[in-house]
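Novice:
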Amino acid sequence: MHLNLKGKLVSLDSPLVMGIVNYTEDSFYDGGRYFSEDKLMEKIKQQVLEGADIIDIGAVSTRPGAADISEQEECDRIGHLLAILNAHFPDVLVSVDTWRAAVAEMAVCNGAAMINDVSGGTFDDRMIPAIGKLKVPYCLMHTPAKPDVMQQEQHTAYDSMISDIIRFFGEQLAKLKAVGVNDVILDPGFGFGKTLEQNYLLMKNLSAFADFHLPLLVGVSRKSMIYNQLKTNPDGALTGTIALHAIALLNGANILRVHDVKAARETVAIVEAVK
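Residue numbering for the sequence shown follows the numbering used here, beginning at 282 and increasing consecutively.
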């Protein structure tokens with residue numbers, strides 16, 4: 282299994298680590314920490330040195346209850362990040378976290394290697410056709426609603442959560458196939474329209490998605506499913522994150538999307554030694 286990232290075939294025989302860089306003011310863990318160019322440069326350099334295979338940049342907070350920003354502001358922020366990356370880290374593979382087709386198009390034209398869409402093509406009906414034209418890998422994530430309302434009770438009431446997510450993936454994959462998209466990564470969407478108990482049920486049943494024969498991305502880094510379970514906060518959630526990363530890897534995860542690259546890289550090394 283591999284991904285074609287800017288003409289480079291990246292093997293998934295060993296799990297990849299995707300480092301998170303949030304250029305936002307209100308992300309749940311690092312919002313506002315990297316809002317200056319110097320801080321952004323420092324964060325990106327640290328993640329590269331620690332062994333990130335891909336850097337995932339985002340300009341819109343998707344934490345539960347988060348407010349949206351305009352398309353133009355998102356484009357401006359992503360464009361600024363890409364300019365920094367192109368100038369100082371030209372060899373780094375960059376993923377852009379966006380659900381807007383216009384942002385995805387701008388990003389790929391400015392060097393992005395893949396698109397990571399938290400809506401799985403449901404917030405902007407232009408996204409899937411755009412990916413078909415852009416011919417870049419696409420991360421298809423499950424969420425039942427937009428971040429500002431996704432944790433409301435009506436959006437966490439599934440008939441059968443695992444079956445519902447599998448059905449969602451099947452429907453969206455058919456749309457992607459119809460426009461010629463070949464490289465698709467599945468993300469079951471931990472923390473997006475799921476209760477605490479549902480998140481752990483999802484982790485327990487992660488191997489249910491293996492039948493798609495597609496790469497599986499897991500994004501649980503420092504999320505509320507960890508810090509609420511441990512009765513701490515995002516700063517105190519690293520140990521729990523490492524534990525869940527190990528479980529995810531043993532259950533088929535191919536890509537870990539993380540805040541702490543070094544810890545994730547070491548977790549991958551230990552789990553690979555066991556396997």
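Each residue gets a CB set at the ideal place from its N, CA and C atoms; glycine is no exception.
These numbers come from a predicted model, not from an experiment.
Is the beta carbon of isoleucine 365 closer than 8 Å to that of valine 377?
Specialist: No, they are not a contact pair.
Novice: Since valine 549 and proline 296 are thought to touch, with beta carbons under 8 Å apart, how far apart are those beta carbons, to the nearest angstrom?
Specialist: About 5 Å separates the two Cβ atoms, so the contact holds.
Novice: Run through the DSSP bridge pairs and tell me what leucine 497 is partnered with.
Specialist: In DSSP, leucine 497 forms a bridge with Leu467.
Novice: Just list the beta strand (DSSP E) runs in the region 297-385, keeping only unbroken ones of 3 residues or longer that don't cross its boundaries, in chain order.
Specialist: Complete beta strand (DSSP E) runs here, min 3: 297-303, 335-339, 375-378.
Novice: Report back the beta-carbon spacing between aspartate 464 and glycine 500 to the nearest angstrom; my notes put them in contact at under 8 Å.
Specialist: Incorrect: roughly 18 Å between the Cβ atoms, too far for contact.
Novice: I need the straight-line Cα distance from threonine 343 to glutamate 553, nearest angstrom please.
Specialist: Roughly 31 Å between the two C-alpha positions.
Novice: Considering just the uninterrupted stretch of the beta strand (DSSP E) at histidine 283, what are its terminal residues?
Specialist: Here the beta strand (DSSP E) through histidine 283 covers 283-286.
Novice: Is asparagine 532 near leucine 487, with beta carbons less than 8 Å apart?
Specialist: It is a contact, given that the beta carbons lie within the stated cut-off.
Novice: For alanine 491 and leucine 525, what's the separation of their Cα atoms in angstroms?
Specialist: Distance between the alpha carbons of alanine 491 and leucine 525: 18 Å.
Novice: Taking the DSSP output, what are the residues bridged to asparagine 486?
Specialist: Partner(s): none; asparagine 486 has no beta bridge.
Novice: Is asparagine 303 buried or exposed, if buried means 16 or more other CB atoms sit within 10 Å of its CB?
Specialist: By the neighbour-count rule (16 or more Cβ atoms within 10 Å), asparagine 303 is buried.
Novice: What residue from Val460, Leu363, Arg358, Ile359 has the CA that sits closest to methionine 408's CA?
Specialist: Measuring from the Cα of methionine 408, the nearest candidate turns out to be Val460.
Novice: Would you identify the three-state DSSP class for aspartate 541, choosing helix, strand or coil?
Specialist: Coil, per DSSP.
Novice: Taking 8 Å as the cut-off, decide whether the C-beta atoms of glycine 474 and methionine 431 are in contact.
Specialist: In this structure, methionine 431 lies closer than 8 Å to glycine 474 by Cβ.
Novice: Tell me, please, which residues DSSP counts as bridged to methionine 395.
Specialist: BP columns for methionine 395 point to Ser376.
Novice: If you reduce the DSSP assignment to three classes, tell me which class tyrosine 439 lands in.
Specialist: It is coil, neither helix nor strand.
Novice: Let's test the definition: count the other Cβ atoms within 10 Å of the Cβ of lysine 414 and tell me whether it reaches 16, buried, or not, exposed.
Specialist: That one is exposed.
Novice: Nearest by alpha-carbon distance to asparagine 367: which of Asp349, Ile350, Cys390, Ala383 is it?
Specialist: The residue with the shortest Cα to Cα distance from asparagine 367 is Cys390.
Novice: With 16 other CB atoms within 10 Å as the buried threshold, where does asparagine 514 fall?
Specialist: It is exposed - the Cβ of asparagine 514 has fewer than 16 other Cβ atoms within 10 Å.
Novice: Roughly how many angstroms lie between the CA atoms of glutamine 479 and valine 329, to the nearest whole one?
Specialist: Using only the alpha carbons, I get a separation of about 33 Å.
Novice: Looking at the secondary structure, which residues open and close the beta strand (DSSP E) in which leucine 421 lies?
Specialist: Start and end: 419-422.
Novice: Just verifying my parser: in three-state terms, what is the DSSP assignment at leucine 415?
Specialist: It is helical.
Novice: How far does the beta strand (DSSP E) with serine 505 in it reach, from first residue to last?
Specialist: Unbroken run through serine 505 is the alpha helix (DSSP H), 505-508; no beta strand (DSSP E).
Novice: Does any C-beta atom of chain D lie closer than 8 Å to the C-beta of aspartate 541?
Specialist: Absent here is chain D; the protein component of the structure consists of one chain.
Novice: Would you call serine 505 buried or exposed, if buried means 16 or more other Cβ atoms sit within 10 Å of its Cβ?
Specialist: Flag for serine 505 reads buried.
Novice: Does the Cβ-Cβ distance between leucine 284 and proline 418 come in under 8 Å?
Specialist: Taking 8 Å as the Cβ cut-off, leucine 284 and proline 418 qualify as a contacting pair.
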